[in-house]
Amino acid sequence: KFVPWNSSKKGRISSEDIKKTSGSFKGKEFFFCGPTAFKESIINNLVKEGVPRSSIHEEAFDFR
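Residues in the sequence shown are numbered consecutively from 126, following my numbering.
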């Protein structure tokens, strides 16, 4: 399930927002693209929620 998130309207997405949208984290893969601080925050929170790091995928994104 692909869920776009417009942070200018909804604010920065959190692991709680993801849980509300997708339900249980069990058996799911997560893909993120964004600034480093954003990705680190989301990844750390997902790992704290028990998501294996191998189920979290990220892509580099930087403003130039």
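Think of the CB as a built atom: it goes at the ideal place given N, C-alpha and C, for glycine as much as any other residue. Note that the structure is predicted; figures quoted are calculated from it, not measured.
Beta carbon of residue i, beta carbon of residue j: below 9 Å?
i, j, result
"K126", "E174", "no"
"V176", "F157", "no"
"E183", "K164", "yes"
"V128", "S147", "yes"
"I168", "R178", "yes"
For residue i, list the residues DSSP reports as bridge partners.
i, result
"I204", "Because residue 204 is not part of the residues shown, which for the chain are 126 to 189, the question remains open."
"I181", "F155"
Rounded to a whole number of angstroms, what is the C-alpha to C-alpha distance between residue i and residue j?
i, j, result
"S139", "N170", "8 Å"
"W130", "G159", "12 Å"
For a test of the three-state rule: what should DSSP assign to residue i, helix, strand or coil?
i, result
"N131", "coil"
"K126", "coil"
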